[in-house]
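> Dropping the structure in here first, questions after.
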Amino acid sequence: MNQLRKTAIFTFLLLAIASVYFTFQLKFTFNFEQFFPTGDPDLAFFKEFIADFESDDNFMLIAAKRDAGVFEQEFLENFQDLTAKTRSLPFIKSTQSLTKLVFPIKTPFGITTVPAIHIDKPAKYARDSLRIMQDERFVHNLISEDATALVIALKTQNTMTLQEADKLMAAVKTLLATYDFEATHVLGTSYFQSELVKMSQREILVSAIISGILVTFILFVLFRRPIGIGIAGVSIALGMLLFLGLLGALGRELSVMSALYPVLMIIVGTSDVIHIMSKYIDELRKGLPRKEAITITIKEIGLATLLTSVTTAIGFASLTSSRIIPIKEFGVNAAVGVLVAYITVIFFTTALLSYFKKEKLTYLTEQKNSWEKLLEWTYQLTLLHPKRIFFGSICLLGICFWGISKVTTNYRMETTLPIGAPITEDFLFFEKTFAGYRPMEIGVFAQGDYKAQDFEVLQEIDKLEQYLKTFPTIKSVNSITSLYKSVNQVNNSNKASAYVLPDSERSFKKAQKMLSRLPDDTANILVSKNGDKARITTRILDIGADSVHQLGIQIDKWIAANTNPNIATYKRTGTGIILDKNALYARQSLLEGLGVAIIIVSCIMALLFRNWRMVFISLVPNILPLLIAGGLLGFLGIPLEAGVAILFAIVFGIAVDDTIHFLSKFKLVRDKGHSIEEAIHITFLETGKAICLTSVVLFFGFLVMLFSVNPASVTVGIMISVTLFTALISDLLLIPVLIRKIL
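Here my numbering = 1-based position in the sequence shown + 1.
This is how it looks when you write it as structure tokens:
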């Protein structure tokens with residue numbers, strides 16, 4: 002045995018050294034495409050759509066604010082200089098702002114241009130301002146409605162790596178720091194990409210530190226001896242290190258979901274350590290020698306802990322049914338992490354424990370008597386008031402279903418952004434002052450012999466555009482019609498009222514002829530190369546996924562009733578719509594994954610207990626916490642979205658642990674010849690303490706997420722803590738009642 006202990010400890014030391022190296026090889030990644038639901042037909046259409054045109058999120062907006070108004074010479078000169086310099090930023094293809102724009106003027110000698118803003122002639126600012134603020138192309142896009150902010154619209158390359166996004170954002174921040182604007186704000190995919198990865202890195206570090214401090218405190222309260230605290234702490238830290246090293250060795254990349262890994266590994270490892278150490282110390286207290294005590298601990302608690310680890314891993318693995326790649330990867334990684342924690346505890350921790358007597362591991366006090374009194378009181382409660390417990394559970398069940406009926410999927414992008422961070426402030430600024438971020442594209446498909454730039458097709462497009470502009474949440478609409486409207490305006494003395502489509506075939510042909518002489522860069526991104534398709538680009542305010550869906554239905558109904566399908570047909574698409582479908586799939590994959598997980602856990606229980614009644618008893622206390630979690634979402638008005646949906650897998654995977662420990666001990670006692678009531682009583686006194694302790698660790702462990710700046714993580718942390726606490730109550734109160742009633 003001594004040789005086995007040394008071999009186990011030495012092996013884990015070697016693995017720890019290798020894990021340190023591979024941990025530093027871990028890389029972070031983020032892009033919105035990761036969150037596109039795989040296998041979705043709308044996603045396939047979107048990919049074809051952007052292949053014909055370009056991505057709808059390849060833009061960056063830089064806003065500069067002046068509360069007294071932007072029409073001031075020094076401000077405009079600085080903004081013009083900034084516009085010019087943004088063109089040299091890395092990965093930028095083009096820039097546009099009002100200080101760069103010119104209006105075409107038709108003269109007897111041809112077409113000439115005048116600047117939109119005569120920067121060096123302040124006397125003309127009033128006239129320039131009036132003209133700009135009456136032009137729908139500029140308000141909400143390049144200038145705010147109150148004329149206190151201007152925007153530079155940058156077009157970036159279509160796809161950017163994290164390193165490229167970081168390089169671009171570093172260059173943007175450096176450039177902006179050279180100007181003395183009252184305030185500047187940035188919005189764009191590259192900004193999200195760069196900042197959300199930084200958030201993930203911070204979350205992992207902060208959650209690991211706070212979880213470590215919390216667990217150290219709990220271990221101190223439990224064991225009070227340096228050696229006991231040290232063994233537990235080293236075991237937990239080693240498990241997390243091996244897990245991260247394994248991810249690095251396998252070449253796995255960390256996503257925004259990775260912030261949960263330290264919390265999960267620390268609290269799952271702590272739970273395993275507490276069960277093992279509590280049992281070992283209890284056996285030593287009975288007077289058994291260390292060798293026999295560790296053997297009994299491995300046989301009894303080792304098997305139960307294996308089952309809890311497997312069921313927890315199954316809970317996480319249920320996330321593989323998700324269509325969202327980061328959630329699927331999180332499920333696989335977390336499942337592997339749970340098993341790594343188990344292997345570490347069952348081999349490394351037990352090897353270390355067997356070297357020490359109980360006096361070295363814990364401070365011997367009357368603490369055990371206090372636990373016995375509390376557990377004895379709980380046991381008597383289940384014995385004396387079974388009907389109250391049963392009917393109380395039924396009432397709670399009804400309340401849960403009421404709450405579940407209130408659950409929505411109307412999540413907003415704001416809820417995925419770090420709390421109080423500059424990127425969130427920037428996002429909200431553009432939501433309030435400009436057209437927001439969320440893109441919506443409408444594909445236009447010319448029918449029969451028509452082409453996208455035929456007069457009849459453009460008239461149909463314009464009808465739809467005018468309808469879209471009636472929605473207060475849609476503040477930016479653009480299509481190929483804008484080019485024809487601009488030419489028509491030039492041909493009519495640049496009157497604001499002339500910014501409409503030509504009203505006759507003859508004037509349309511005239512405008513088309515003029516456009517053919519101009520560079521076709523703009524036309525190429527609004528009409529496909531073969532001319533049979535066009536796009537209407539819009540941006541919608543962040544009103545929520547369900548609200549956008551209802552708006553889309555309203556648009557589709559209007560199209561069906563007011564457009565001619567023989568001339569053109571339409572289909573909504575875009576990054577925003579694809580991402581919104583995650584809410585629908587989150588609910589679907591949640592039900593599918595949990596259904597499979599429940600079936601698998603039921604099979605494991607059936608193999609363990611060989612009794613369908615015990616399977617039923619084991620499932621009821623663990624389905625109730627899931628329903629409580631769903632009810633809380635409804636009552637608290639928390640939308641069900643991809644990041645929040647994972648809490649159900651975590652709750653089920655971890656909540657079932659205490660049930661297995663309780664029922665495994667019950668079975669062992671029954672196998673020794675004790676009656677059902679005696680077995681319940683003994684199980685309460687011997688296993689109840691470890692169950693309560695691990696639940697306390699889990700409760701406070703997940704509350705660590707309150708320190709997160711990620712709203713979804715905060716929600717998940719609070720929800721899991723509350724539901725796991727209810728799972729403990731459910732186990733201690735319901736299981737004894739069900740056993741007496743059913744067995």
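A virtual CB, placed ideally from N, CA and C, is assigned to each residue, including glycine.
Quantities reported herein were computed from a predicted structural model and do not represent experimental measurements.
Which whole-angstrom value is the C-beta distance of L502 and Y485, which I expect to be below 8 Å?
At roughly 6 Å, the Cβ-Cβ gap stays under 8 Å, so L502 and Y485 are in contact.
> Only counting the same chain, and skipping five residues up and downstream in sequence, which positions put a Cβ closer than 6 Å to that of Q368?
Its pLDDT being 49, under 50, Q368 is placed unreliably in this model, and the value from its coordinates should be taken loosely. Same-chain partners within the cutoff: there are none.
> What number of angstroms, rounded off, separates the C-alpha of Q35 from the C-alpha of V616?
One C-alpha to the other measures close to 38 Å.
> Tell me M61's beta-bridge partners as DSSP assigns them.
Per DSSP, L155 and G189.
> Can you give the Cα-Cα distance for L376 and Y438, rounded to whole angstroms?
Distance between the alpha carbons of L376 and Y438: 55 Å.
> Decide if K690 is buried, meaning its Cβ has at least 16 other Cβ atoms within 10 Å, or exposed.
It is buried - the Cβ of K690 has at least 16 other Cβ atoms within 10 Å.
> In chain order, what residues of the same chain lie with their CB nearer than 8 Å to the CB of I18, ignoring the 5 residues before and after it?
Answer for I18: no residue qualifies.
> Could you have a look at E73 and say whether DSSP puts it in helix, strand or coil?
Note: E73 maps to coil in three-state DSSP.
> Check for me: the alpha helix (DSSP H) holding N563 runs from which residue to which?
Residues A546 to N563.
> For T576 and V222, what's the separation of their Cα atoms in angstroms?
Roughly 51 Å separates the two Cα atoms.
> DSSP three-state call for S722: helix, strand or coil?
DSSP places S722 in helix when its eight states are reduced to three.
> Cβ atoms of L744 and I692: under 8 Å apart, would you say?
The answer is no: Cβ separation not under 8 Å.
> Over the uninterrupted beta strand (DSSP E) stretch that includes T175, give me the two end residues.
Counting along the chain, T175 falls outside any beta strand (DSSP E), though it belongs to the alpha helix (DSSP H) covering L163 to L177.
> Among A646, D547 and K666, which one has its Cα closest to the Cα of T716?
The option with the nearest alpha carbon to T716 is A646.
> What does the alpha-carbon distance come out to for the pair T313 and L265?
Rounded to the nearest angstrom, the two C-alpha atoms are 11 Å apart.
> Ordered along the chain, which non-local residues of its own chain (more than five positions away) have a Cβ less than 8 Å from that of D533?
The answer, listed in chain order, is F446, A447, K452 and A453.
> To the nearest angstrom, how far is the alpha carbon of L5 from that of K292?
Rounded to the nearest angstrom, the two C-alpha atoms are 12 Å apart.
> In the DSSP output, what is G444 paired with across the bridge?
The partner list for G444 (beta bridge, DSSP) reads R536 and K572.
> R540 and L527: beta carbons closer than 8 Å?
No, Cβ-Cβ distance for R540 and L527 is not below 8 Å.
> Alpha carbon to alpha carbon, how far is V488 from R507? Give it in angstroms, no decimals.
The alpha-carbon atoms of R507 and V488 are separated by roughly 14 Å.
> Note down, in chain order, each residue of its chain lying with its Cβ closer than 7 Å to the Cβ of G444, except the 5 sequence neighbours on either side.
Correct list, in chain order: F50, K534, R536, Y571, K572 and T574.
> Pull up the DSSP beta-bridge partners for A150, would you.
A150 is bridged to K66.
> For I228, tell me which candidate among Y500, K668 and E360 has the shortest Cα-Cα distance.
The shortest Cα separation from I228 among Y500, K668 and E360 belongs to E360.
> Using 8 Å as the threshold, is the region 236 to 244 in touch with the region 338 to 347, meaning 3 or more CB pairs across them?
Yes, since at least three Cβ pairs between the region 236 to 244 and the region 338 to 347 fall closer than 8 Å, the two stretches touch.
> For A184, name the three-state secondary structure that DSSP assigns.
DSSP places A184 in strand when its eight states are reduced to three.
> Among C604, L384 and P38, which one has its Cα closest to the Cα of V738?
For V738, the nearest C-alpha among the options comes from L384.
> Considering only residues of the same chain and omitting the five flanking positions on each side of P327, which have a CB-CB separation below 6 Å?
The residues are Q35, S256 and M258.
> Can you list, in chain order, the residues of its chain with a C-beta nearer than 7 Å to that of M606? Leave out the 5 residues immediately preceding and following it.
The residues are M615, V616 and S619.
> Near I420, what residues of its chain come up, given a Cβ to Cβ distance below 7 Å and the 5 sequence neighbours on each side ignored?
The residues are V710 and P712.
> Let me know the alpha helix (DSSP H) ranges lying completely inside the region 422 to 468, each 4 residues or longer, listed in chain order.
Whole alpha helix (DSSP H) segments, 4+ residues: 423 to 434.
> Measure the alpha-carbon distance for D659 versus L215 and round it to whole angstroms.
Roughly 21 Å separates the two Cα atoms.
> For the putative contact between L289 and K358, defined by C-beta atoms under 8 Å, what is the C-beta separation to the nearest angstrom?
L289 to K358, Cβ: 11 Å. No contact.
> If you run the structure through DSSP and keep just helix, strand and coil, what is T114?
If DSSP states are grouped into helix, strand and coil, T114 belongs with the strands.
> When you compare each of S498, F685 and G404 to F636 by their alpha carbons, which one comes out closest?
Checked all of S498, F685 and G404; the closest Cα to F636 is G404.
> Is T409 helix, strand or coil by DSSP?
T409 falls in the coil class under three-state DSSP.
> So, helix, strand or coil for N334, using DSSP?
Residue state, collapsed to three classes: helix.
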